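Take a look at the structure set out below.
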Ligand SMILES: Nc1ncnc2c1ncn2[C@@H]1O[C@H](COP(=O)(O)OP(=O)(O)O)[C@@H](O)[C@H]1O
Ligand SMILES: [Mg+2]
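Right under this line is the structure:
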């Protein structure tokens, strides 16, 4: 009970101090909107809006989550207010969950901004929304934990941003968001399969476009696997590096 | 009863030993101080005790909890005030305090009540919505201490509570520490101000280069340093005239002649003044003053640690590590 009071208040503080601050709100919204417009305008020709919707959603989640953790974790670590959290009588697992829940929620909301746009432009019938929601949640969790992994591996906010881009930009091209994996050069394809976003995008594509390359159960399992591994590596890194 | 028991505690950063095999206990209700220069290992020790740094070797028991294994349980009864404030820059005093209270599982009504009380008690209730970053150094330190005690910890760790702040705030903070201790909180503080240690602490450990060189109450430390008693007499005249005779008349004492008006009397045991007063009176000398000379803690510290006090002073003005 006591731990949950702490969990909730850490989450609430992050929301108030970071997520709901005008720069982040606008950044969190403008970014997906810009992506959406860019792709929708470009896709007048051969690709339809519906074809690129899964990719745009995945990207919104990826960018929304990973960029927030550089602030809520790396920044607080840098100005040592994070020590206060490490000194609190709550387990490290719960602490890191409370520090990441905000980013997960932020990612989920970001994912639906392109959907709202698309709903005005095209007919979105025939989509299993429960499956969409499920995949959005799991993509958000996995990419938040990827952000966590990055945030605890570096000590400066700018390093976190740079290191994130090292993951993010290749993912745009290698995870089948816009270019189907099967049209990638053969030597790049193995890389696609070690990136978590491939599996998240695959679920979205199978329900939105009906062109998944793997059964969705497998996709979910792989996403959960990634999430668990990234989270536990991060916890281990914190124990080793932050508690000297 | 001991609330803290530390045995053979060591921490190394790579191959540098910051704290080397230290042992000490803190009994419930006391103010225990670590006195030592910068880099002595004071913060490193606090960090190990509170779970912010790893223990390379040794054991820590806090309120009978093995704090090396179960640090999360032990943290529940600790209050921790770091040397550099780590509150949230954008939040005001009330928000900061309420947030810190929530980390210890306090309910909303409880934490708001406590926060208001503390702001008032610390003279910070007029800061309103001002964010923490706009506080003065002294105010920051006070709010950081308030945040450390909001959950009413059994033991409070204070890392250099008065370093780098104005004299008035420092005085207020010392008073707060004393009052808190009177109400039953055990306190572990570190400092490099000798007078502060002397004034506040029931017991002091001298720490130098990662090792505790001496532990004891202020009185014990003095006693060890100065075996016996010293009384200094100030007379109106004639000390040089009685120089030789007084030695023969009081063969059990050792005399030290300072000048024609002043002499010091050394003895193994408590000195009774009456025979001396009588003696001086018989010789027609007036005694203006007789005072017991105690060594200062400063002298004791210098003697035991071999550290020049000027070095400590220089460092405290230097401030930063
Ligand atoms: N994280 C660290 N890595 C390496 N050395 C450290 C670290 N923290 C402290 N030290 C060293 O350990 C020694 C003790 O430091 P510290 O405990 O901060 O001293 P104090 O608080 O008494 O001034 C110093 O020489 C300091 O440079
Ligand atoms: Mg220190």
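Residue numbers (the numbering used here), protein chains in the order written: chain Y, 1 to 244; chain L, 245 to 565. Glycine is no exception: its CB is placed at the ideal position from the N, C-alpha and C atoms. As the structure is a computational prediction, the values presented were derived from the model and not from experiment.
Of all alpha-carbon atoms in L:431, L:363 and L:390, the one lying nearest the alpha-carbon of residue 290 of chain L is that of L:431. About 5 Å separates the Cβ atoms of residue 201 of chain Y and residue 175 of chain Y, confirming a contact at the 8 Å cut-off.
Contact annotation for residue 88 of chain Y against chain L: 319, 347 and 348 [CB-CB distance below 8 Å, chain order]. At a cut-off of 8 Å between beta carbons, residue 78 of chain Y makes no contact with chain L. The Cβ of residue 408 of chain L sits no closer than 8 Å to any Cβ of chain Y. Within the region 4 to 15 of chain Y, contact with chain L at the beta-carbon level (separation under 9 Å) is assigned to 4, 5, 6, 8, 9, 10, 12 and 13.
The region 502 to 516 of chain L makes contact with the region 462 to 482 of chain L; the number of CB pairs closer than 8 Å reaches 3 or more. For residue 286 of chain L, the CB falls within less than 7 Å of some heavy atom of ligand 2. When DSSP states are grouped into helix, strand and coil, residue 67 of chain Y belongs to the helix group. Residue 471 of chain L carries a coil assignment under DSSP once its states are collapsed to helix, strand and coil.
CA-CA distance, residue 105 of chain Y to residue 7 of chain Y, rounds to 15 Å. When 8 Å is used as the limit between beta carbons, residue 332 of chain L is near these residues of chain Y: 13, 17 and 81, in chain order. Taking the Cα positions, residue 398 of chain L is about 27 Å away from residue 335 of chain L. When DSSP states are grouped into helix, strand and coil, residue 375 of chain L belongs to the strand group. When rounded, the separation of the alpha-carbon atoms in residue 229 of chain Y and residue 305 of chain L is 34 Å. Residue 349 of chain L sits buried, since 16 or more C-beta atoms from the chains shown fall within 10 Å of its C-beta. Under the DSSP definition of a beta bridge, residue 533 of chain L partners with L:478.
Membership of residue 262 of chain L in the beta strand (DSSP E) is indicated by the continuous run 260 to 271.
Within chain Y, the C-beta atoms nearer than 9 Å to that of residue 326 of chain L come from 80, 83, 84 and 87, in chain order. Using a 10 angstroms sphere on the CB of residue 294 of chain L, the tally of other CB atoms reaches 16 or more, which defines it as buried.
Beta-carbon to beta-carbon, residue 422 of chain L and residue 444 of chain L are separated by about 7 Å, close enough to satisfy the 8 Å threshold.
Residues of the region 347 to 374 of chain L with a Cβ closer than 8 Å to any Cβ of chain Y, in chain order: 347, 348, 349, 350 and 351.
Nearest Cα to residue 298 of chain L within the set L:312, L:360 and L:486: L:312. Close to chain Y, meaning a Cβ-Cβ distance shorter than 9 Å, are the following residues of the region 291 to 305 of chain L: 291, 294, 295, 296, 297 and 298.
Listed in chain order, the beta strand (DSSP E) elements of length 3 or more contained wholly in the region 494 to 528 of chain L are 498 to 501 and 506 to 511.
The Cβ atoms of residue 223 of chain Y and residue 101 of chain Y do not sit closer than 8 Å to each other. With 16 or more other CB atoms across the displayed protein chains lying within 10 angstroms of its CB, residue 103 of chain Y is buried.
In the three-state reduction of the DSSP assignment, residue 303 of chain L falls in the strand class. With fewer than 16 other Cβ atoms from the protein chains shown falling within 10 Å of its own Cβ, residue 193 of chain Y counts as exposed. Taking every protein chain shown into account, the CB of residue 115 of chain Y has 16 or more other CB atoms within 10 angstroms, so this residue is buried. Of all alpha-carbon atoms in L:457, L:510 and L:487, the one lying nearest the alpha-carbon of residue 503 of chain L is that of L:487. About 6 Å separates the beta carbons of residue 521 of chain L and residue 531 of chain L, which is inside the 8 Å limit, making them a contact pair. Boundaries for residue 96 of chain Y: no beta strand (DSSP E) harbours it, while the alpha helix (DSSP H) harbouring it runs 92 to 121, taken from the DSSP string.
When the beta-carbon positions are compared, residue 268 of chain L and residue 323 of chain L stay at least 8 Å from each other. Of Y:232, Y:241 and Y:240, the smallest CA-CA separation from residue 93 of chain Y is found for Y:232. Relative to ligand 1, residue 260 of chain L has its C-beta within less than 7 Å of a heavy atom.
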